[in-house]
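Trainee: Keeping their order, the protein sequence lines are chains A and B.
The numbers in the first sequence follow this note's numbering, run straight up by one, and end at 155.
The numbers in the second sequence follow this note's numbering, run straight up by one, and end at 458.
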Amino acid sequence: MEKEDSRKELKVSAIENGTVIDHIPAENVFQVIKILNLEKYNNQVLIGSYLDSRKMGKKGIIKVSNKFFKSDEINKISLAAPSATLIVIKNFEVVEKKKVEIPDRADNIVKCFNPNCITNHEEVPTRFTVIDKKELRLRCHYCEKITARDNITFR
Amino acid sequence: MKNKSLVSINDFSREEHIRILDLAGAFEKYPKQRILEDYVVATLFFEPSTRTRLSFESAATRLGARVIGFSDSSSSSTQKGESLRDTILTVSNYCDLIVMRHPREGSARFASEVTKVPVINAGDGANQHPTQTLLDLYSIRKTQGSLDKLNIAFVGDLKYGRTVHSLVIAMCNYNTTFHLVSPQELKLPSSVKMHIKDRNLAYYQYTELQEVISKVDILYMTRIQKERFSDPMEYEKVKNAYILRNSMLDGSRSNLKIMHPLPRVNEITTDVDTNPQAYYFTQALNGVFVRQALLASILGVVE
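(1) Measuring alpha carbon to alpha carbon, tell me which residue in B:Leu-176, B:Ser-160, B:Phe-182, B:Val-254 is nearest B:Val-222.
(2) Would you say A:Asn-66 touches the ligand ATP, meaning its beta carbon is less than 6 Å from a heavy atom?
(3) Mind reading off the beta-carbon distance from A:Asp-22 to A:Ile-87? Whole number of angstroms is fine, and I expect it under 8 Å.
(4) Relative to chain A, which residues along the region 267-282 of chain B have a C-beta separation below 7 Å, given in chain order?
(5) Suppose contacts are defined by Cβ-Cβ distances below 7 Å. Is A:Ala-148 in contact with A:Phe-92 by that definition?
(6) Alpha carbon to alpha carbon, what distance is there between A:Ser-53 and A:Met-1?
(7) For A:Ile-118 versus B:Ser-163, is the C-beta distance shorter than 7 Å?
(8) Hey, does B:Arg-446 have any beta-carbon neighbour from chain A nearer than 7 Å?
(9) Using a Cβ-Cβ cutoff of 8 Å, what residues of the region 233-255 of chain B are near chain A? List them in chain order.
(10) When the Cα of B:Phe-182 is compared with those of B:Leu-450, B:Lys-370, B:Ala-451, B:Phe-444, which residue comes out closest?
(11) Beta-carbon of A:His-121 versus every beta-carbon of chain B: anything under 7 Å?
(12) Which of the residues in the region 175-205 of chain B, read from start to end, lie with their CB under 8 Å from any CB of chain A?
(13) Hey, A:Ile-47 and A:Ile-62: beta-carbon distance below 7 Å or not?
(14) Using CA coordinates, which residue listed in B:Tyr-375, B:Lys-304, B:Gly-278, B:Thr-298 is at the minimum distance from B:Leu-322?
(15) Cα-Cα, which of B:Ile-398, B:Ser-231, B:Asp-291, B:Leu-199 is closest to B:Val-274?
(16) Between which residues of its own chain and A:Glu-4 is the CB-CB distance below 6 Å, once the five residues before and five after are set aside?
(17) Looking at chain A, is there any beta carbon in it that lies within less than 7 Å of the beta carbon of B:Glu-260?
(18) Just tell me which of A:Lys-99, A:Ser-71, A:Ala-80, A:Leu-51 has its CA closest to the CA of A:Lys-34.
Right, dumping it as structure tokens:
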């Protein structure tokens, strides 16, 4: 078992310094990349998608070299990847490990699910208050409608 | 309240609501005061709503303000593809206060963030119509002497009726007992009931109108629209079940008043109109006083 795990780990090689975002739902890896704006990051980013995971069945992992996220930055990804773990690496060593936390507000990450909401028709950043972190329910600052977990799409 | 926008009924505190109702009472005594002669009010109606627009324009004109604006988007540059943001920024140069009605939900909130000019929401899609709620509160208080501990029946389309949702939420501040009368398909949504439950207030649900008439102080009637039904047969079945006739009012409380946001179609027969319990046309008149109170306090002319 031990041996098999380490072999899997090698599918995405280790980084010397930076942040590993592990346990991302397999289907949301590219969403997380988008939210963190990693498309424009000019340093090493290693991406593993649909890797086997004992905990999750399939998972995604992203390793970002020389990047240490601020907590509000990383909390943004919790909407796409509530299960994600954040691992800070220095000199190939794990120096910190923590779970992401759902923020109180979500600004310009999520689309309002109400097709008649002004944010779907004018150039305006979306704004939501997270009214239920467990069930993931967001109230739109503009139309006041609730976007729930099942309706969440990202901008 | 000077320079404060009114987008959602919750933008004003309970105390501010009461302040507006008191002021509206003062305007009812003296409706013609030329206290806004130096001001320009813009009424931007991106969709038509003749009743609401005329009520605002009457309120502004009776206070001496000048009114500019348009009554539907075909006569504005929206038709040419202008964004709401640009329209609001442009009009802001021409006026001291904007009253707007727009078919999209959240449009008034957005407008209030784009401009420094205060915005009064006169309806944003299915979302909010706070001046209607305030005039309903005014009408209830005026006819019952107080807003506290009343029995109020809401009748008709409780699922889609924006007016009903806002008023139910506002009345949750006053120990109201709610009587909800509607067809199964058009019951009050759980998101609104949540407010009643949060306050531990009593509510009862009915499908028969006659059952509630003797129990309540206010009978708030609404129109049931055919297009709300997925099955046209369902509409045919219920369409006559929620019509109020004068004969049904025998045995009602003497303080009972019948309210309706208007327009009425057939849900209140015209023989009710001469009954002193009919209040819907006076309710519309009260809208002018409430809007006078809002214009004057937001423009900072009265404290």
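We put the beta carbon where it would ideally sit given N, CA and C, even for glycine.
Mentor: Answer, in terms of the structure:
(1) Residue 222 of chain B sits at position 67 when you count from the first residue of the second sequence. Cα-wise, what sits closest to B:Val-222 is B:Val-254.
(2) For the structure depicted, the ligand ATP is absent and the ligand set is empty, with no information on it obtainable.
(3) Start at 1 with the first residue of the first sequence, and residue 22 of chain A comes out as number 22. Start at 1 with the first residue of the first sequence, and residue 87 of chain A comes out as number 87. That pair is a contact at about 6 Å.
(4) Those would be Gly-280, Asn-282, in chain order.
(5) On the first sequence, position 148 is the one that residue 148 of chain A refers to. On the first sequence, position 92 is the one that residue 92 of chain A refers to. Annotated as distal: A:Ala-148 and A:Phe-92, with beta-carbon spacing of 7 Å or more.
(6) Here residue 1 of chain A corresponds to residue number 1 of the first sequence, with the count starting at 1. Here residue 53 of chain A corresponds to residue number 53 of the first sequence, with the count starting at 1. Unreliable positioning characterises A:Met-1 in this predicted model, as indicated by a pLDDT of 43, which lies under 50. The coordinate reading is nonetheless provided below. Cα-Cα distance, rounded: 13 Å.
(7) Residue 118 of chain A sits at position 118 when you count from the first residue of the first sequence. Residue 163 of chain B sits at position 8 when you count from the first residue of the second sequence. No, the Cβ-Cβ distance between A:Ile-118 and B:Ser-163 is not below 7 Å.
(8) As a working mapping, residue 446 of chain B is identified with position 291 in the second sequence. Not an interface residue.
(9) Cβ contacts with chain A come from Ser-238, Leu-239, Arg-240.
(10) The sequence position of residue 182 of chain B within the second sequence is 27, counting from 1. With distances taken between Cα atoms, B:Phe-182 lies closest to B:Phe-444.
(11) Along the first sequence, one-based indexing puts residue 121 of chain A at 121. Yes, A:His-121 lies at the interface with chain B (some Cβ there is under 7 Å from its Cβ).
(12) Residues: none.
(13) Indexing the first sequence from 1 puts residue 47 of chain A at position 47. Indexing the first sequence from 1 puts residue 62 of chain A at position 62. It is a contact, given that the beta carbons lie within the stated cut-off.
(14) The residue you call residue 322 of chain B lines up with position 167 of the second sequence. Comparing Cα positions, the closest option is B:Tyr-375.
(15) Numbered from 1 along the second sequence, position 119 holds the residue referred to as residue 274 of chain B. In this structure, B:Leu-199 is the residue among B:Ile-398, B:Ser-231, B:Asp-291, B:Leu-199 with its C-alpha nearest to the C-alpha of B:Val-274.
(16) Sequence index remark: in the first sequence, residue 4 of chain A carries index 4 (1-based). With a pLDDT of 49 at A:Glu-4, under the threshold of 50, the modelled position of this residue cannot be trusted; read the value that follows with caution. Counting only Cβ-Cβ distances below 6 Å, and skipping sequence neighbours, we find nothing.
(17) Within the second sequence, numbered from 1, the residue matching residue 260 of chain B stands at position 105. Answer yes: the Cβ-Cβ gap between B:Glu-260 and chain A drops below 7 Å somewhere.
(18) Counting from 1 along the first sequence, the entry for residue 34 of chain A is found at position 34. Cα-wise, what sits closest to A:Lys-34 is A:Ala-80.
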